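Number of protein chains: 2
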Amino acid sequence: MQIRQLFDTESSTYTYLVFDGREAALIDPVREQIERDLALARELELELSYVIETHVHADHITAAGLIRERTGAKTAASAAGAPCVDLHLEHGATLQLGATSITALATPGHTDDSISLLVPGAVFTGDTLLIRGCGRADFQNGDPGQLYDSITRELFVLPDDTSLYPGHDYNGRTTSTIGEEKRHNPRLAGKTRDQFIAIMTSLALPPPMKLAESVPANRACGGVKTS
Amino acid sequence: MQIRQLFDTESSTYTYLVFDGREAALIDPVREQIERDLALARELELELSYVIETHVHADHITAAGLIRERTGAKTAASAAGAPCVDLHLEHGATLQLGATSITALATPGHTDDSISLLVPGAVFTGDTLLIRGCGRADFQNGDPGQLYDSITRELFVLPDDTSLYPGHDYNGRTTSTIGEEKRHNPRLAGKTRDQFIAIMTSLALPPPMKLAESVPANRACGGVKTS
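Which chain is which? The protein sequence lines are A and B, in order. In case it helps, my numbering puts the first sequence at residues 44 to 270. In case it helps, my numbering puts the second sequence at residues 44 to 270.
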């Protein structure tokens, strides 16, 4: 299995191309980057089997629907995720890429439909757990207590040397590990559930710039007609 | 050996933290990112043995001198590189990090002091070879013919599956491989030396924004007094 990390500067979103042999999945592709991402898959001679969303995004519009139209890839998301996708992944559901299994972990809290995606030695955490941070929990049915439970019960139980691939980073960091975040994430290291909730409820962040536009578009896989 | 990739958004520069056990090197650190990079080294409980410059940069100011002052790390660059550094690396010179050797390859052409840094399975190419591109060759004694020779004789002779870590990317790509660039780099794949020179001399790029400021500062390791 190989992982290729891609970045969208405008929304600070990471997209991942994961592949084993010729079979590939794109995680969280951004609409504006579709030509870059499809060119890379083509140059690597990959067949896109799946486009997987870690959640319904509020800060960018997905390329999932367009990629499905252009490649025949199946779109996938949480069982609680966008109605438009082909596959709704329950907790523990797997997708197969060659010899590699991708396992969906329900990790709600940032949004009610957030999942993380586990592959051997690595986890794609979407906005559930970021490098030295985590996604906000104040809209789209977000819930800080549920976010704490998802992080501590589903992610912090993974081996410390599991590579962490986040959905965003705003400081130029690309990867971390589960052990590093357990020790050094300022919202979580040494914090109780109540302390975490207090931190998250005191953030007073402005709404995401594309909330009104992105959420309905992403529930429709990027505004493209569903098949 | 582990590699951590870091990005500076303003200059689109990649910095790399390479480590084996507790011994670490920083490649091409950016002055504005010094606190981020030193915090990461501290959190990973690493000792910075070396700060290595792939060349005298024209688009950002190095953190090398400041890091030397704060950590005692030795600074290193090409034999033709910044006069301020502790170690001038001839072609084939090695630096040791635990069991990992870092080998300097002289790859002039973008600048006359450009080196690439080879570790097991991967190469840090600075601006000599970028993902689907390469550094310009029109200032700091750059020479497109020499750049072609460096790429084809020093980098394209590495195994195809060697990971390529570039000094910059402007399109959100993080890594490539030598094989990929041999096949898909539009300036090099199927191009003769003369065709490459013709491409490079027709680019007509504006001067880098920080050329006048950066080059003298970087020849002094970031404007910090040499020890």
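The beta carbon of each residue, even a glycine, is placed where N, CA and C say it ideally should be. Nothing here was measured: the structure is a model prediction, and the numbers come from that model.
Residues bridged to Arg47 (chain A) (per DSSP): A:Leu60
Euclidean distance between Cα positions of Leu132 (chain B) and Ser193 (chain A): 49 Å
Within 9 Å, strictly: CB atoms of Ile104 (chain B) and Leu160 (chain B): no
Ser54 (chain B) - DSSP class collapsed to helix/strand/coil: coil
Coarse secondary structure for Leu161 (chain A), derived from DSSP in three states: strand
Contact set between Gln183 (chain A) and chain B, taken where Cβ atoms lie within less than 7 Å: Within 7 Å Cβ-Cβ: nothing; Gln183 (chain A) doesn't reach chain B, min ~25 Å.
Lys225 (chain A) to Lys234 (chain A) span [Cα, whole Å]: 10 Å
Spatial neighbours of His98 (chain A) in its chain, beta-carbon cut-off 6 Å, leaving aside the 5 residues before and after: Thr154, Asp156, Ser157, Gly169
9 Å Cβ cut-off: residues of chain A touching Thr218 (chain B): Arg47, Gln48
Own chain partners of Ala180 (chain A) with C-beta closer than 7 Å, once the 5 adjacent residues on each side are dropped: Gly152, His153, Asp186, Pro187, Leu190, Met243
Assigned exposure category for Leu60 (chain A) - 16 Cβ within 10 Å defines buried: buried
Cβ pair count under 8 Å reaching 3, the stretch 200-220 of chain B against the stretch 257-266 of chain B: no
Proximal residues to Leu49 (chain B) (C-beta, below 6 Å), its chain only, five neighbours per side dropped: Thr58
Proximity test, Cβ basis, 9 Å: Gly141 (chain B) and chain A: no
Contacts around Leu173 (chain A), its chain only, beta-carbon distance under 8 Å, and the 5 residues preceding and following it disregarded: Pro209, Gly210, His211, Asp212
With 16 other Cβ atoms within 10 Å as the buried cut-off, status of Pro72 (chain A): buried
Ordered list of alpha helix (DSSP H) runs contained in the stretch 147-201 of chain B, each at least 4 residues: 187-193
Sequence ranges, alpha helix (DSSP H) only - wholly within the stretch 112-141 of chain B, length at least 4: none
Test: Met252 (chain A) CB closer than 9 Å to a CB of chain B: no
7 Å Cβ cut-off: residues of chain B touching His227 (chain A): Glu86
Through-space distance from Arg79 (chain A) to Gly164 (chain A), alpha-carbon basis: 27 Å
CB of Thr143 (chain A) within 9 Å of CB of Leu130 (chain A), strictly: no
Own chain, CB closer than 7 Å to Gly141 (chain A), minus 5 neighbours either side, in chain order: Asp63, Gly64, Glu66
Coil, strand or helix - His211 (chain A) by DSSP: strand
Asp51 (chain A) at chain B interface by Cβ criterion, 9 Å: yes
Residues sharing a beta bridge with Val73 (chain A), DSSP: A:Thr105
Spatial neighbours of His39 (chain A) in its chain, beta-carbon cut-off 8 Å, leaving aside the 5 residues before and after: Any question about residue 39 (chain A) goes unanswered here, given that chain A covers just 44 to 270.
Interface flag, Gly233 (chain B) vs chain A, CB-CB below 9 Å: no
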